[in-house]
Amino acid sequence: MPQRIYFDNAATTAPDPRVLEAMRPYLDEFWGNPSSLYAEGRQAREAVDRARAQIADMLGAESGEIVFTAGGTEADNLALQGTLLAAGLSGSHLVTSAIEHPAILACCRQLERLGVQVTRLAIDGEGLIDPSDLERAIRPETRLVSIMAANNVIGTIQPIGALAQVARSRGVLFHTDAVQAVGKIAFDMRTQPIDLLSLSAHKLHGPKGVGALYVRKGVELWPLLPGGGQEQGRRSGTENVAAIAGLGLAAELAAACRPAEAARLVRLRDHLIENICERIKNSYLIGHRWRRLPGHICLGFDGLEGEAIKLLLELDKEGIAISSGSACSAIHAGQPSHVLEALGFDAFKARGSLRISLGRFNTLEEADRFLEVLPRAVASLRPIRRLAKAG
Ligand code: PLP
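Numbered by my numbering, the letters in the sequence shown go through residues 1358 to 1748 in order.
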């Protein structure tokens, strides 16, 4: 039985064994509460402080600007709700995009019910947001702009520096959901006018349920979880020390490996794109050709619209884990992706794409095996479509 191939690193990544090793002592040996003043507490506090410094180093930030959260969703919610609560909800205006992750979009819908006005910027045919559209959308009452650094469905990387600069020049805070981008593209808070940035450990070969929000010094933010005052009062609750230690090392490794790893993943990605488009008639790449995440491929197949779920189950049988480009969880399986709809796909076509996302542990051998299996799987489904049509 050949080893399974995991090509869904945008959903989550395998924890790096070094990260697991770094977490273990804080589960079985140093289990003190980091707020305690005695030795057990100080040992736990050291781990939290080290992780904070590791993340700050990766982002070119200061340690005091990092707030630990229980993942990307919480970091996104803290950024949006925290800054708008501080600014006063009613009558405030927020600009975001039509292709954000549900962590942002659902939070925006809730804020609208509380009196916040929301503008959602459109994208072009390759998934890019035009900074001049942002310029036009900003009003005197705009308090925050939130635009993702890279999209989780199509992999397109936004011109985040230019977008952040527009917000800065108009005196508006800029948040970016960088959950998919951190560790794959470089960030430096010393030169980028980003005020808030969300990240999540499990997209970086770290553990699930832990993330962080970068909050530039001086930015006012109300907590979503008021309580014992941990994280400078921005996120109360006893810290998940082992997970935080894991996130810290995952960030350090990501920063150290990034240039070489990104270059290798670009080669692997382009090898797959070229060969798939050559071997499978009527297959096409969705999103920008080169302004895309290093290991990210989103594909459509003419004649297989609406069949992505069948295709991914067919590949699963062959030992390959990939995602459909439609709403990418079992909860929303088969629903058309709002990202593909924003690209102009109709609901039917928006259910027909595949997302292949590569990570640290994928190899050329795996890519070549996938290239053997995929054309067969597509061919096995195309006749079904033709028969269904004829019927
Ligand atoms: N933002 C983006 C762009 C994501 O891709 C994800 C996860 O898929 C999240 C936010 C949510 O992160 P988490 O799973 O850590 O809550």
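Positions of the beta carbon are idealized from the N, C-alpha and C atoms, including for glycine. Being a predicted model, the structure only gives us computed values, none of them experimental.
Inter-residue spacing [alpha-carbon to alpha-carbon] between residue i and residue j
i, j, result
"threonine 1369", "lysine 1574", "30 Å"
"isoleucine 1654", "glutamate 1386", "42 Å"
"glycine 1716", "arginine 1726", "16 Å"
"phenylalanine 1702", "alanine 1460", "22 Å"
"glutamate 1723", "glutamate 1675", "12 Å"
"histidine 1450", "serine 1503", "11 Å"
"aspartate 1490", "serine 1593", "37 Å"
"alanine 1612", "glycine 1660", "42 Å"
"alanine 1367", "histidine 1458", "12 Å"
"asparagine 1509", "leucine 1610", "22 Å"
"aspartate 1673", "isoleucine 1666", "10 Å"
"proline 1359", "alanine 1734", "17 Å"
"leucine 1377", "alanine 1707", "38 Å"
"leucine 1485", "asparagine 1390", "45 Å"
"glycine 1448", "glutamate 1698", "29 Å"
"cysteine 1685", "leucine 1582", "Any reading at cysteine 1685 must be qualified, since the residue scores a pLDDT of 47, below 50, and its modelled position is unreliable; the value itself is stated next. Using only the alpha carbons, I get a separation of about 29 Å."
"arginine 1361", "phenylalanine 1531", "41 Å"
"valine 1696", "glycine 1657", "14 Å"
"leucine 1731", "glycine 1663", "17 Å"
"isoleucine 1713", "valine 1539", "18 Å"
"glutamine 1347", "glutamine 1537", "Summary: the structure shown does not reach residue 1347, with the chain confined to residues 1358 through 1748, and so no result is reported for it."
"arginine 1615", "arginine 1621", "10 Å"
"phenylalanine 1544", "leucine 1738", "42 Å"
"leucine 1471", "leucine 1446", "7 Å"
"leucine 1669", "leucine 1711", "8 Å"
Exposure of residue i, with buried meaning 16 or more beta-carbon neighbours within 10 Å
i, result
"glutamine 1467", "exposed"
"lysine 1638", "exposed"
"glutamate 1729", "exposed"
"serine 1680", "buried"
"proline 1497", "exposed"
"alanine 1444", "buried"
"arginine 1591", "buried"
"serine 1526", "exposed"
"glutamate 1596", "buried"
"aspartate 1481", "exposed"
"proline 1374", "exposed"
"lysine 1395", "Here residue 1395 is tyrosine; the residue named in the question, lysine, does not match the sequence. Result: exposed."
"tyrosine 1363", "buried"
"glutamate 1422", "buried"
Residue i beta carbon near the ligand PLP (any heavy atom closer than 6 Å)
i, result
"glutamine 1537", "yes"
"threonine 1426", "no"
"asparagine 1509", "yes"
"alanine 1460", "yes"
"glycine 1568", "yes"
"aspartate 1534", "yes"
"threonine 1430", "yes"
"serine 1593", "no"
"serine 1680", "no"
"serine 1503", "no"
"serine 1557", "yes"
Beta-carbon spacing of residue i, residue j below 7 Å
i, j, result
"threonine 1440", "leucine 1578", "yes"
"alanine 1607", "tyrosine 1383", "no"
"aspartate 1365", "alanine 1569", "no"
"valine 1572", "valine 1424", "yes"
"serine 1555", "alanine 1432", "yes"
"valine 1598", "alanine 1479", "no"
"glutamine 1549", "glycine 1585", "no"
"alanine 1494", "threonine 1533", "no"
"arginine 1648", "isoleucine 1456", "no"
"glutamate 1397", "histidine 1645", "no"
"glycine 1605", "alanine 1427", "no"
"serine 1694", "glycine 1709", "no"
"valine 1623", "proline 1651", "yes"
"valine 1576", "alanine 1600", "no"
Span of the beta strand (DSSP E), counted from its first residue to its last, around residue i
i, result
"histidine 1695", "Looking at the DSSP string, histidine 1695 is not in any beta strand (DSSP E); the run it does join, the alpha helix (DSSP H), is 1695-1699."
"glutamine 1360", "Glutamine 1360 -> no beta strand (DSSP E), and no H or E assigned at all."
"threonine 1499", "1499-1503"
"leucine 1530", "1530-1534"
"glycine 1568", "1568-1572"
"arginine 1407", "Premise fails: arginine 1407 lies in the alpha helix (DSSP H), 1396-1416, not in any beta strand (DSSP E)."
"glutamine 1474", "1474-1478"
"isoleucine 1713", "1710-1714"
"valine 1452", "1450-1454"
"leucine 1656", "1653-1658"
Neighbour flag for residue i against chain B, beta carbons, 7 Å
i, result
"glycine 1660", "Here chain B cannot be found, since the structure has a single protein chain."
Opening and closing residue of the alpha helix (DSSP H) in which residue i lies
i, result
"serine 1489", "1488-1494"
"serine 1526", "1517-1526"
"threonine 1440", "1429-1444"
"isoleucine 1630", "1598-1636"
"valine 1424", "Here valine 1424 belongs to no alpha helix (DSSP H); instead the beta strand (DSSP E) covers 1423-1426."
"isoleucine 1666", "1665-1674"
"leucine 1377", "1374-1380"
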